[in-house]
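S.K.:
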Amino acid sequence: MTAAPAPDSFARLESVSEEERVQVTPTTYTIAEFCGQLQRGEITINREYQRSPKVWPPAARSYLIDTILHGYPIPKLCLYQKTDLKSRKTIKEIVDGQQRSQAILDFFVDKLRLSGKTEFSGMTFSTLEEPLQRQFVAYPLSADVFVGAAETEIRQVFRRINSYTVPLNPQEKRHATHQGAFKWFIVALGEQYAQSL
């Protein structure tokens, strides 16, 4: 959840010209395509504003891979496309999604063994059954690619994406996980009690 913009920020947004707005191109990569580009250096991490690749604990990295293996969606990546003047090649920098990208790549190249209490615990990519391997490498990663933006704008995008996020508290996690008549009875009872106060 993000904080609401200040009231005067809407007026500032309206005054931004079409040329000044950051151009975003939505795209999709399979994990095989994405990891191939990471390995070839066509997609890179800008260490100037990204956190250390070791921020996520093993449990979080395993949970992400488990999510992918179950075919559930994960948050989209944000990439910044620019031309490297030394090599004269187009490269993309990861603006948001370094931790996810590193976990996916590490699993792809057998550097990550899954932990946790799931059916995939203790497994690497190579020890998965072939249908699961195919499913993993074909999984679609959604990304927004920023083209033609200044580096200062990209830093602003990074700050905005990573500011004012509020993780779910334990009650919100339970609410999202558990369903059934009893849960909704308790919710209705709580609302009825709150109205009587």
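Numbering (my numbering), first residue to last: 30 to 226.
Ideal placement from N, C-alpha and C gives every residue a C-beta, glycine not left out.
(1) Decide if Gly209 is buried, meaning its Cβ has at least 16 other Cβ atoms within 10 Å, or exposed.
(2) Note down the Cα distance separating Ala141 from Asp135, rounded to an integer number of angstroms.
(3) Alpha carbon to alpha carbon, how far is Leu161 from Thr119? Give it in angstroms, no decimals.
(4) Would a C-beta distance cut-off of 8 Å place Cys64 and Phe149 closer than the cut-off?
(5) Span of the alpha helix (DSSP H) holding Thr96?
(6) With DSSP as the reference, identify every bridge partner of Gln52, one or two as the case may be.
(7) Since Pro169 and Thr57 should fall inside the 8 Å C-beta cutoff, what is the C-beta to C-beta distance between them, to a whole number of angstroms?
(8) In this structure, what does DSSP give as the bridge partners for Gln5?
(9) What span of residues does the alpha helix (DSSP H) with Ile133 cover, start to end?
(10) Are the beta-carbon atoms of Pro102 and Ser144 separated by less than 8 Å?
(11) Would you mind sorting Glu71 into buried or exposed? The rule is 16 or more other CB atoms within 10 Å of its CB.
(12) Out of Gln66, Ala172, Ser116, which has the shortest C-alpha to C-alpha gap to Thr125?
M.R.: Result, derived from the coordinates:
(1) exposed
(2) Note that residue 141 is Leu in the sequence shown here, rather than Ala. So the two alpha carbons sit approximately 5 Å from each other.
(3) 32 Å
(4) no
(5) 87-98
(6) Val176
(7) 5 Å
(8) Residue 5 is absent from the model: the chain starts at 30 and stops at 226.
(9) 127-137
(10) no
(11) exposed
(12) Residue identity differs from the one stated: residue 125 is Asp in this sequence, not Thr. Closest by alpha carbon: Ala172.
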